[in-house]
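Protein chains in written order, with my numbering: chain X, 109 to 408; chain L, 21 to 397; chain C, 191 to 555. The beta carbon of each residue, even a glycine, is placed where N, CA and C say it ideally should be. Quick caveat: nothing in here was measured; it's all calculated off a predicted structure. What follows is one structure encoded as structure tokens, with my remarks underneath.
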Amino acid sequence: MRLRWLAYPYVLWTVVFTVAPLLLVAWFAFTAVQPDGSSAFTLDGFRSIVAGDRVPLDLLGLQEVFGLTVGVPLYVNVFVKSLQIALLSTLACLLFGYPAAYLLARRRARQRGGTDLLLLLFVIPMWMNALLRTYAWLALLEPNGIVNTVLAAVGLPKGQFLYNDFGIGLGMVYNYLPFMVLPIYSVLVKVDRSLVEAAEDLGADRRRVFTRVVLPLSMPGVMSGVNMVFMPAMTTFLIPNLLGGGRYMLIGNVIERQYMIARDWTTASALSIVLLVFVLASMRFMTRYEKGNEGGGVLL
Amino acid sequence: MAEGTRPILELVGVNKSYGDTQVLTDISFPIRSNEFITLLGPSGCGKTTTLRILAGFERPDSGDVLFEGASLLDVPPFKRRLNTVFQRYALFPHLDVFENVAFGLRLRKTPEAEVKARVAAALKTVDLDGYGKRWVDQLSGGQMQRVAIARAIVNGPEILLLDEPLGALDLKMRKEMQIELKDMQKRLGITFVYVTHDQEEALTMSDTVVVMREGVIQQVGSPTDVYNEPRNAFVADFIGESNILPARMEKDFEIAFAGHRFACVDRRRAEADVDVVVRPEDIVLAPPVEGGLNGVVTSVVFKGVHYEMIVECDGTEWMVHSTDQAAEGDRAALVFGPEDIHVMDRSPFSPDAHGILPADLAGRAARASADEGDPDR
Amino acid sequence: MRMPVILALVLALLAALALSAAACSAPTTIYFYNWGEYIAENTIADFEKANPGIKVSMKTFDSNEALYQTLESTSFDVIVPSDYMVARLIKEGKLYKPDMAAIPNNAKYNDPRLKAVAFDPDPAVSSQMFDYAVPYLFCTVGLIYSTADVPAPASDEPADVWAPLFDPKYKDRIGMYDSMRESIGVALNVLGLSLNTVDPAELAKAKDMLIAQKDDVRPIYGIDELKDKYVSGELAAGVAWAGDYVMCLDKLEEAGKDAGQLGFALPKGTNFFVDFLAIPKNAKHPAEAQVFIDYLCRPEVSLADSEYAGYSTPNLEAQKSLPEEIRSNPALYPDDAAIASLEVYYSSDEIDEKYSAIWESVMAH
Ligand SMILES: Nc1ncnc2c1ncn2[C@@H]1O[C@H](COP(=O)(O)OP(=O)(O)OP(=O)(O)O)[C@@H](O)[C@H]1O
Ligand SMILES: [Mg+2]
Chain X
109 MRLRWLAYPY VLWTVVFTVA PLLLVAWFAF TAVQPDGSSA FTLDGFRSIV
159 AGDRVPLDLL GLQEVFGLTV GVPLYVNVFV KSLQIALLST LACLLFGYPA
209 AYLLARRRAR QRGGTDLLLL LFVIPMWMNA LLRTYAWLAL LEPNGIVNTV
259 LAAVGLPKGQ FLYNDFGIGL GMVYNYLPFM VLPIYSVLVK VDRSLVEAAE
309 DLGADRRRVF TRVVLPLSMP GVMSGVNMVF MPAMTTFLIP NLLGGGRYML
359 IGNVIERQYM IARDWTTASA LSIVLLVFVL ASMRFMTRYE KGNEGGGVLL
Chain L
21 MAEGTRPILE LVGVNKSYGD TQVLTDISFP IRSNEFITLL GPSGCGKTTT
71 LRILAGFERP DSGDVLFEGA SLLDVPPFKR RLNTVFQRYA LFPHLDVFEN
121 VAFGLRLRKT PEAEVKARVA AALKTVDLDG YGKRWVDQLS GGQMQRVAIA
171 RAIVNGPEIL LLDEPLGALD LKMRKEMQIE LKDMQKRLGI TFVYVTHDQE
221 EALTMSDTVV VMREGVIQQV GSPTDVYNEP RNAFVADFIG ESNILPARME
271 KDFEIAFAGH RFACVDRRRA EADVDVVVRP EDIVLAPPVE GGLNGVVTSV
321 VFKGVHYEMI VECDGTEWMV HSTDQAAEGD RAALVFGPED IHVMDRSPFS
371 PDAHGILPAD LAGRAARASA DEGDPDR
Chain C
191 MRMPVILALV LALLAALALS AAACSAPTTI YFYNWGEYIA ENTIADFEKA
241 NPGIKVSMKT FDSNEALYQT LESTSFDVIV PSDYMVARLI KEGKLYKPDM
291 AAIPNNAKYN DPRLKAVAFD PDPAVSSQMF DYAVPYLFCT VGLIYSTADV
341 PAPASDEPAD VWAPLFDPKY KDRIGMYDSM RESIGVALNV LGLSLNTVDP
391 AELAKAKDML IAQKDDVRPI YGIDELKDKY VSGELAAGVA WAGDYVMCLD
441 KLEEAGKDAG QLGFALPKGT NFFVDFLAIP KNAKHPAEAQ VFIDYLCRPE
491 VSLADSEYAG YSTPNLEAQK SLPEEIRSNP ALYPDDAAIA SLEVYYSSDE
541 IDEKYSAIWE SVMAH
């Protein structure tokens, strides 16, 4: 199909800001700079992903419980760890986000128009810089931070909220919750009230109205919420950097360090490509699972 | 015919308002078992609201809804043993046609084989067999409406509430479905509470018609009652074409209107101001006679079975339906017998001296008939 | 190869500046390339007042590698490379050999013991260090610890000094630098190995030690953010540059806390490094550069810079004016025996690659 001239700026935009960087990353992934300054084709980047130390696979800490150890390359383990924490955070966002979106949508239905202050409270954090937000959390949750000071003041034991799975998960849920709530909310407010009545009319109690009508109808929102949380959760390096005490490495951190500190652009780019392919594949999987792709999916 | 059977449902003094607008005022009528009762009235008169109160989606401000004598007000919709065919279908977009119809059966954990059989039968009833695998957004408006009917009847409810279930169908389909629904109602012994603003549909299908206007019941009666004995000018005008004129009882069996005296079959207090209605099909055009109700034919429209003619007599326009054609400009006398004159009490809807109905009433009637052509209604 | 456009712009700008300076026949401007926050705030202004013919324009860098890269394309008059980078620049012939007679303060005040340090495995290079460069400030790597939580080390044996860093008692309360040389250096130091070893078996031992430490002690890894955590008491101990320790003391003072809260201990054989003042070969104004370097070697100037940066001054005259508790702290101003035991880092592609690989896998664990 011929593109209309109006589309050219967008084409240019995608080429400059999407296609070109991607090609650049791919180029770095498959080349290494030789001592004489030239670039040569290599698969070393991909090889070093699987070549690293062998470590026991960390599956939800299960290897300790069952005494099962599967040796995997270090980066594969980091990948698996990132995947777990991303999935768990996404799940947590879903578990907190869905009821929140549901309540907000019901308030909306009752109020009919006007801005909902509660919704605003959910959205406002999205307008704030993630860095600032997370720093604020740091001040709250530090070992000597506000929360622990309060706990100590009322005679409770201090908790270790940061630098561990819990802290990272909390940070992710906090940062990404709005991205789960908003798409679900916007689908839920559009669910026709008459469908709920039709279900009630046919004999569905509140629970079954929810499971058989509201929930399936909100699945497109859930899917795009899941995508919008899972993707950044899988690739983030900011949150582990800030809340992980520098010792918490997810795949995003490993890539960042390879680029910025070790300056091994070949490995860093190879890791980026693997991550990209993985994320795209999982989104593809989810959008396929979603029936008929009813406009909720973000991509593909 | 249904008079003798017990009421299964009953509305008692129901009032309902949304904000400042009073939508229903003192609505009371019984619904008898196995009855086909129709709520008839112009758009916005509160028909849907009445159904929603019966189904339990709205709570009346005052009054009661009785089911076999017990109040239904605190029974949630899903526990009421009735099903609704919604005016706007309300089909589930995430399910295919089969699953839409099967929805109620599945909630009751019906065995799969029975689900299949009953859904197939219901789809056949609405002439949609073979459409089970379609998504509802791949259906025409009329097909959706039929799915909505199938989805309700498949559950075999005691009472079926139907909110303009045939509004989106073409004339032929509509006639077929009317027969089908009526037949089903008789066969299955279901009580139908039917909403329409199509008076013909109401008259042909119903056992009882409830005529409403702006949230107030104007008349409850059998189709023949409301047609032949309209309680007031509004009912007369809404139920079929009619000539409505202000009149005065001279004495028993004698009435004066349109500048003439006529013999009639009613006895009323003498000197009483009343309205009369003369149906157009009851009028015969005859050659002008001295002292008769003479006029000039001003318009002739062919309507298929008959001609619709307007005859002007002394400034009053009369509508006449006749299979005999007259020509525009012909002079003719209007002839009708005493039994063709229906006498009604005066009401806010009474016409003025020239037989012109109050503007709002005429407007509403016009709108109601215009709505019939709109498939989305 | 990095950002050639920006570099070209910078060059054009510099050229324009140089031209306009020449046109006015105004004072000569020398270009000074320094670490961030590494010179007292009024040193340059004072120098310009004292030398009306010379203006100083300062830019900053944050790693020796960045300095090295920029030198390729930009002309500076005075730079501040660390010891191993000086050695590398000498080897590559990229330094101008200054006239030391024009920098009399160097010979007059700077600690002569530094000349004995082997700054490069090649004695020929090491012996030339002080022909090409003048020491500016120096720093040691040692243990910072909270005196309330951690007892002072029993001796200056590395195993004693670094012990808290590997003690699960301080789980979650240990700080490690997210910097490969310092952190791997700690392990090598404990193991009694050279801080510059490239022996795979030795390095493997150090790596295992660091991984075990990560599992058992769960240190916090960072650089700048660690200081606040020592001051707040969140961290009990950690590896630290002496300069960071001094800054922590300043922070304690600012917060109105007791400086005795934090201690600093220097194990035998740990790292120390010296940052030098040098003139690149492509400098445009070497003569004025020498004047500036000599000025920086004045005792009162060196004292001010040292106190501002928190790093130790090699200027013996300046040292005399330091507060007693700083001057007498052997961790900041090591004695002869300590100096003799300290080791500088060497830099080579092999070291960079091996250490980086180890550090990345420790961090990814
Ligand atoms: N939820 C509501 N809020 C406010 N007003 C309402 C609401 N629902 C209905 N109304 C008003 O109540 C009146 C009766 O509405 P209803 O839907 O019962 O009319 P209807 O007889 O079914 O009309 P139609 O033939 O057009 O379907 C209308 O004036 C309508 O505007
Ligand atoms: Mg309606």
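Specify the secondary structure class of ILE369 of chain X as computed by DSSP and reduced to three states.
-> coil
What are the complete alpha helix (DSSP H) segments, minimum 4 residues, inside the stretch 52–124 of chain L?
-> 67–75
Regarding HIS280 of chain L and ligand 1, is the C-beta to nearest heavy atom distance less than 7 Å?
-> no
Go ahead and label TRP113 of chain X buried or exposed: buried means 16 or more other beta carbons lie within 10 angstroms of its beta carbon, across all protein chains shown.
-> exposed
Verify the CB distance criterion: does LEU127 of chain L have a CB-CB separation below 8 Å to chain X?
-> yes
For GLU238 of chain C and LYS249 of chain C, believed in contact at Cβ under 8 Å, the rounded distance = That belief does not hold up - the Cβ atoms of LYS249 of chain C and GLU238 of chain C are roughly 16 Å apart, past 8 Å.
Please report how far the alpha carbon of LEU304 of chain C lies from the alpha carbon of ASN472 of chain C, in whole angstroms.
-> 27 Å
Alpha-carbon to alpha-carbon, VAL331 of chain C and GLU372 of chain C = 8 Å
Reference ASP310 of chain C; option with closest CA among C:SER546, C:ALA521, C:GLU533 = C:GLU533
How would you call LYS417 of chain C, buried or exposed, if buried means at least 16 neighbouring beta carbons within 10 angstroms?
-> buried
SER226 of chain L Cβ short of 7 Å to ligand 1 heavy atom set | no
Kindly examine ligand 1 and report whether one of its heavy atoms sits closer than 7 Å to the Cβ of HIS217 of chain L.
-> yes
Do you know offhand how far ALA212 of chain C's Cα is from ILE548 of chain C's?
-> Legend: pLDDT at ALA212 of chain C = 47, less than 50; position of this residue unreliable, value from coordinates given subsequently. Cα-Cα distance, rounded: 51 Å.
Where does GLY277 of chain X fall in DSSP's three states?
-> helix
Check: GLN107 of chain L C-beta below 7 Å from any heavy atom of ligand 1 = yes
Pick helix, strand or coil for PRO164 of chain X, following the three-state DSSP scheme.
-> strand
Minimum C-alpha distance to TYR282 of chain X - residue among X:ALA260, X:SER302, X:ALA200 = X:ALA200
Which ranges does the alpha helix (DSSP H) cover as unbroken runs of at least 4 residues, wholly within the stretch 214–244 of chain X, from first to last along the chain?
-> 225–235
For ASN237 of chain X, is the classification buried or exposed, using 16 other Cβ atoms within 10 angstroms of its Cβ as the cut-off for buried?
-> exposed
SER502 of chain C and TYR523 of chain C look like a contact to me (Cβ under 8 Å); what is the Cβ gap, rounded to whole Å?
-> 6 Å
Residue ranges of each beta strand (DSSP E) run of no fewer than 3 residues wholly in the stretch 267–328 of chain X, ordered along the chain?
-> none
For my contact list, GLU274 of chain L and ARG281 of chain L are in at a C-beta cut-off of 8 Å; report their separation, rounded to the angstrom.
-> 6 Å
Listed by chain order, chain X residues near SER546 of chain C by CB distance under 7 Å | ALA370
Using three-state DSSP, classify ASP448 of chain C as helix, strand or coil.
-> coil
Could you tell me whether the Cβ atoms of VAL167 of chain L and VAL117 of chain L are closer together than 8 Å?
-> yes
Looking at the C-beta of GLY353 of chain X, does it have a partner C-beta in chain C at a distance below 8 Å?
-> yes
Which class does LYS153 of chain L belong to by DSSP, given the choice of helix, strand or coil?
-> coil
Mind pulling the chain C residues with CB within less than 7 Å of GLU250 of chain X?
-> GLU424
Please list the partners that PRO97 of chain L has in chain X, where partner means a Cβ-to-Cβ separation under 8 Å.
-> GLU305, GLU308, ASP309
Check whether the Cβ atoms of GLU308 of chain X and PRO185 of chain L sit closer than 8 Å, and answer yes or no.
-> no
Contact with chain C by ASP144 of chain X, beta-carbon distance below 8 Å = no
What in chain X is Cβ-close to PHE77 of chain L, meaning under 7 Å?
-> GLU305
Quick one: any contact between the stretch 401–417 of chain C and the stretch 380–392 of chain C, if contact means 3 or more CB pairs under 8 Å?
-> no
Of all the CB atoms in chain X, is at least one closer than 8 Å to the CB of LYS404 of chain C?
-> yes
Look up GLU167 of chain C in the DSSP assignment and say whether it is helix, strand or coil.
-> Lying outside 191 to 555, the shown extent of chain C, residue 167 of chain C is not represented and no answer is given.
Check whether THR343 of chain X and VAL387 of chain X have beta carbons under 8 Å apart = yes
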